[in-house]
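Since the structure comes first, as structure tokens, the remarks are kept for the end.
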Amino acid sequence: LLFAIEAFPMLTNGAVPHLLGCDDSVAAGGSFQPALQVVEVHTLGNGRRLLAISDGEHFVVAVLNQAAELQLQGAPPLEFCVIQLLSWTVKRREGHTSVFIEQVRYVNAMP
């Protein structure tokens, strides 16, 4: 379930293609700190959470690392909320791209 960018202007337009274009294994962030909607949450066997995050047009699956999990401790449920990525790592292996969220800020629940 994705929402139109016009309906939710707080999402960063084009953020997912930009994220996926980052260099391999390089922590990103800096001035680009996109706001994305969490559209789905799955808990992995190791307790970490896998998030499907969207810029309103595209989506990518990302894993919260331990530090990001701690930053979200006590936050309301993540599904359908807006988060801001502060730093992350993109890794590519055997044709698959993975995003690992290292620092994140809970913005708000979607209206």
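For the sequence shown, my numbering assigns the number 1389 to the initial residue and increments by one for each residue that follows. Glycine included, each C-beta is placed from N, C-alpha and C at the ideal position.
Helix or strand or just coil, what does DSSP make of residue i?
i, result
"residue 1472", "strand"
"residue 1406", "helix"
"residue 1455", "helix"
"residue 1496", "strand"
"residue 1446", "coil"
"residue 1467", "coil"
"residue 1413", "In this predicted model, residue 1413 has a pLDDT of only 47, less than 50, meaning its place in the structure is not dependable enough to derive any value."
"residue 1425", "strand"
"residue 1420", "coil"
Is it buried or exposed for residue i, if we count other Cβ within 10 angstroms and need 16 for buried?
i, result
"residue 1486", "exposed"
"residue 1483", "exposed"
"residue 1463", "exposed"
"residue 1423", "buried"
Less than 9 Å between the beta carbons of residue i and residue j, yes or no?
i, j, result
"residue 1451", "residue 1488", "yes"
"residue 1443", "residue 1404", "yes"
"residue 1490", "residue 1456", "yes"
"residue 1492", "residue 1460", "yes"
Is there at least one Cβ from chain B nearer than 9 Å to residue i's Cβ?
i, result
"residue 1470", "The structure shown has no chain B; it contains just one protein chain."
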